[in-house]
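*Asks:* Counting in the working numbering, the sequence shown runs from 1 upward without gaps. Here's a structure for you.
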Amino acid sequence: MADIPVITIDGPSGAGKGTVSKRVAQALHFHYLDSGALYRIVAHQAGRQKLQLDDERGLMQMIPELDIRFHIVKGAGSEPVTRIHVNQEDVTQEIYTEDCGQQASSIAVLHGVRSALLGVQRDFAKPPG
Numbered sequence: 001m002a003d004i005p006v007i008t009i010d011g012p013s014g015a016g017k018g019t020v021s022k023r024v025a026q027a028l029h030f031h032y033l034d035s036g037a038l039y040r041i042v043a044h045q046a047g048r049q050k051l052q053l054d055d056e057r058g059l060m061q062m063i064p065e066l067d068i069r070f071h072i073v074k075g076a077g078s079e080p081v082t083r084i085h086v087n088q089e090d091v092t093q094e095i096y097t098e099d100c101g102q103q104a105s106s107i108a109v110l111h112g113v114r115s116a117l118l119g120v121q122r123d124f125a126k127p128p129g
């Protein structure tokens with residue numbers, strides 16, 4: 001992983017991080033990862049599997065079973081849009097609800113979930129970047 005370039009962009013909500021990240025990924029032919037979406041995905045999948053959001057062990061066991069894919073596609077105009085697939089199902093609309101965002105915040109404080117998702121993030125590091 002040390003030889004694979006990684007670009008991280010941080011900032012406040014609504015600052016344009018996603019738009020800039022997608023454009024950079026497209027321009028450099030890099031892979032794209034929205035780490036915040038990972039927490040939303042876990043919250044969404046926990047609901048589907050009837051897991052409690054404070055069931056740290058259950059959430060940690062579920063995470064490796066998720067096949068998560070980010071696809072950048074052309075949206076309206078020239079803006080790139082991300083479609084997020086989990087286990088081959090497009091869950092983009094479902095994970096960006098206000099409710100899912102609140103649930104994601106509640107699981108983001110769980111150390112085990114954060115550690116498990118760090119492993120997922122590291123798995124996204126693939127050439128060319």
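C-beta atoms are modelled at their ideal positions from N, C-alpha and C, and glycine is treated no differently.
Of all the alpha helix (DSSP H) runs that stay within the bounds of the stretch 18-63, which reach a length of 4 or more residues?
*Replies:* As far as the stretch 18-63 is concerned, its whole alpha helix (DSSP H) runs of at least 4 residues are 35-48 and 56-62.
*Asks:* How close, in whole Å, do the beta carbons of His44 and Ile95 come, if the pair is a contact with beta carbons under 8 Å?
*Replies:* Indeed, because the Cβ distance is near 5 Å, the residues count as touching under 8 Å.
*Asks:* Could you round the C-beta distance between Glu65 and Val113 to whole angstroms and report it? I think they count as a contact, below 8 Å.
*Replies:* Between Val113 and Glu65 the Cβ distance is about 14 Å, and since that is not below 8 Å, they are no contact.
*Asks:* Contact defined as beta carbons within less than 8 Å: I believe Ile41 pairs with Ile68. What is the distance between those atoms, to the nearest angstrom?
*Replies:* Sure, about 6 Å apart at Cβ, within 8 Å.
*Asks:* Exposed or buried, what is Val86 when buried is set at 16 or more other beta-carbons lying within 10 Å of its beta-carbon?
*Replies:* Buried.
*Asks:* Taking the continuous alpha helix (DSSP H) assigned at Ile9, which residues delimit it?
*Replies:* Premise fails: Ile9 is in no alpha helix (DSSP H) and is neither H nor E.
*Asks:* What's the call for Thr97, buried or exposed, on a 16-neighbour Cβ count within 10 Å?
*Replies:* Per the 10 Å Cβ criterion, exposed.
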